[in-house]
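Colleague: One structure coming up, written as structure tokens, with questions to follow.
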């Protein structure tokens, strides 16, 4: 067998390594490709690594991952106070404020810029909007005609009557996108864990809870809002449902097709819908802050959650984890942690239909 000179071997090896380097450099990060992200409905939002924004699209039963190209820290002070944000969005897109519905608000942890998902118009013909708001108050509409993105479609979505609840909230946790909502399964309350970068989305886990106010076990009520939270050394989801059970669900049990029984640790009152919640640490203690449709903003301690027994019998009003109502916070529609000392809220103005976007000290 003829042996190649060592100099030719070295040249060949160098050329091969160069080709591999070019291929690696050209490979899109996180499996994103350039093109039009054809979002049909802009709902729940969450941030992943390197400025990747996840957008829940219930109309298509899909999750989009979009590269915002926004991963540098902002030089701004971090104080936000924008009055009439819905009026300003309406003016930007050429409509009236009553035709703008803000669906979610999230802070990019890297840049502290604020991202808003909204709808222009009402009903099935409403147009999706994605907007970026700087801490200085600049509002810009994000075009999705040519972006780097990926999309994954959920199997077994809710039928047309319940399609709006196919995706009620999303979060990025340890390399996975957690998706709460409804499926078309018999036990329709569903939580999916989808690895990112996306490949395929498997069937989610069905969630069963005891609803003390309703006096029964339920499998068809969607989770309205949730936060990941570690209790002891185990990762849980703290999930809130309408009327208003607070439930802990082990993340380890969220496997495709699994039937999971959540543990109800609080009943926070009937005739109410939870809207948003965040966890935070202040003065050496851990808390959860929850915005509600009819019961204001609740603050509760998240220390020693493992000590609260499961609620498995009817509850007349409230039970389990105690809470206090923050009287100074009214009309809060969306709630987001801005940094370690501040929350970002979207709240109804006192005397009009306008919505204000502002930071407040964490209570």
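Residue numbers (this note's numbering): -13 to 349. For glycine and all other residues, C-beta sits at the position ideal for the given N, C-alpha and C. The structure presented is a predicted model; accordingly, all values stated were derived computationally and were not measured.
1. State the DSSP-derived secondary structure class of residue 42, mapped to helix, strand or coil.
2. Going by DSSP in three states, residue 89 sits in which element: helix, strand or coil?
3. Along the beta strand (DSSP E) that carries residue 176, what are the first and last residues, could you check?
4. Can we say the stretch 143 to 162 touches the stretch 115 to 131, given the rule of at least three CB pairs closer than 8 Å?
5. Opposite residue 185 in the DSSP bridges: which residues?
6. Distance check for residue 102 and residue 146, CA to CA, integer angstroms please.
7. Any contact between the stretch 242 to 262 and the stretch 285 to 301? By contact I mean 3 or more CB pairs, one from each, below 8 Å.
8. Since residue 192 contacts residue 175 with CB under 8 Å, what's their CB separation in whole angstroms?
9. Please list the segments of the beta strand (DSSP E) lying wholly inside the stretch 125 to 175, counting only runs of 3 or more residues, in order along the chain.
10. CB residue 157 to CB residue 214, shorter than 8 Å?
11. Determine the contact status of residue 330 and residue 93, defining contact as a CB-CB distance below 8 Å.
12. Look at the alpha carbon of residue 289 and the alpha carbon of residue 237, and state the distance between them as a whole number of angstroms.
13. Which residues mark the beginning and the end of the beta strand (DSSP E) in which residue 77 is found?
14. Which term fits residue 134, buried or exposed, when burial requires 16 or more other beta carbons within 10 angstroms of its beta carbon?
15. What distance in whole Å lies between the Cβ atoms of residue 78 and residue 127, which are believed to be in contact at a cut-off of 8 Å?
16. Mapping the DSSP letters down to three states, classify residue 28 as helix, strand or coil.
17. Measuring CB to CB, does residue 184 end up less than 8 Å from residue 51?
18. What do you get for residue 98, buried or exposed, if any count of 16 or more other CB atoms within 10 angstroms of its CB means buried?
19. Compute the beta-carbon to beta-carbon distance between residue 263 and residue 226, rounded to the nearest angstrom, for a pair I have assumed lies under 8 Å.
20. In three-state DSSP terms, what is residue 349?
21. How is residue 329 classed by DSSP in three states: helix, strand or coil?
22. Does DSSP put residue 301 in a helix, a strand or coil?
23. With a 10 Å radius around its C-beta and 16 neighbouring C-beta atoms as the bar for buried, classify residue 208 as buried or exposed.
24. What do you get for residue 269, buried or exposed, if any count of 16 or more other CB atoms within 10 angstroms of its CB means buried?
25. Can you name, in chain order, every residue of its own chain whose Cβ lies under 6 Å from the Cβ of residue 240, other than the five neighbours on each side?
26. If you follow the beta strand (DSSP E) that residue 104 is in, where does it begin and where does it stop?
27. Ignore the nearest five residues each way along the sequence and tell me which others in residue 230's own chain have a CB closer than 6 Å to its CB.
28. Just mark residue 336 as buried or exposed, buried being the case when its beta carbon has 16 or more other beta carbons within 10 Å.
29. Helix, strand or coil: how does DSSP classify residue 293 here?
30. Going by Cα to Cα distance, which pick from 67, 189, 219, 274 is closest to residue 171?
31. Would you identify the three-state DSSP class for residue 354, choosing helix, strand or coil?
32. DSSP puts residue 196 in a beta bridge; with which residues?
33. What residues match up with residue 67 in a beta bridge as DSSP calls it?
34. Ignoring anything shorter than 4 residues, give me the alpha helix (DSSP H) runs that lie fully in the stretch 216 to 287, in order along the chain.
35. Assuming residue 307 is part of the beta strand (DSSP E), what are its boundary residues?
36. Buried or exposed for residue 11, please, with buried defined as at least 16 other CB atoms from any protein chain shown within 10 angstroms of its CB.
Modeller: In terms of the structure at hand:
1. strand
2. strand
3. 175 to 181
4. no
5. Looking at the DSSP assignment, residue 185 forms no beta bridge with any residue, so it has no partner.
6. 25 Å
7. yes
8. 7 Å
9. 125 to 127, 133 to 139, 155 to 159, 162 to 168
10. yes
11. yes
12. 19 Å
13. Careful: residue 77 lies outside any beta strand (DSSP E), inside the alpha helix (DSSP H) at 71 to 79.
14. buried
15. 6 Å
16. coil
17. yes
18. buried
19. 6 Å
20. coil
21. strand
22. coil
23. buried
24. exposed
25. 177, 179, 191
26. 100 to 106
27. 254, 255, 258, 260
28. exposed
29. helix
30. 189
31. There is no way to answer for residue 354, as the model of the chain reaches only from -13 to 349.
32. 203
33. 344
34. none
35. Per DSSP, residue 307 belongs to no beta strand (DSSP E) and is neither H nor E.
36. Reliability of the predicted coordinates at residue 11 is poor, the pLDDT of 41 falling under 50, and the value obtained from them is presented with this limitation in mind. It counts as exposed.
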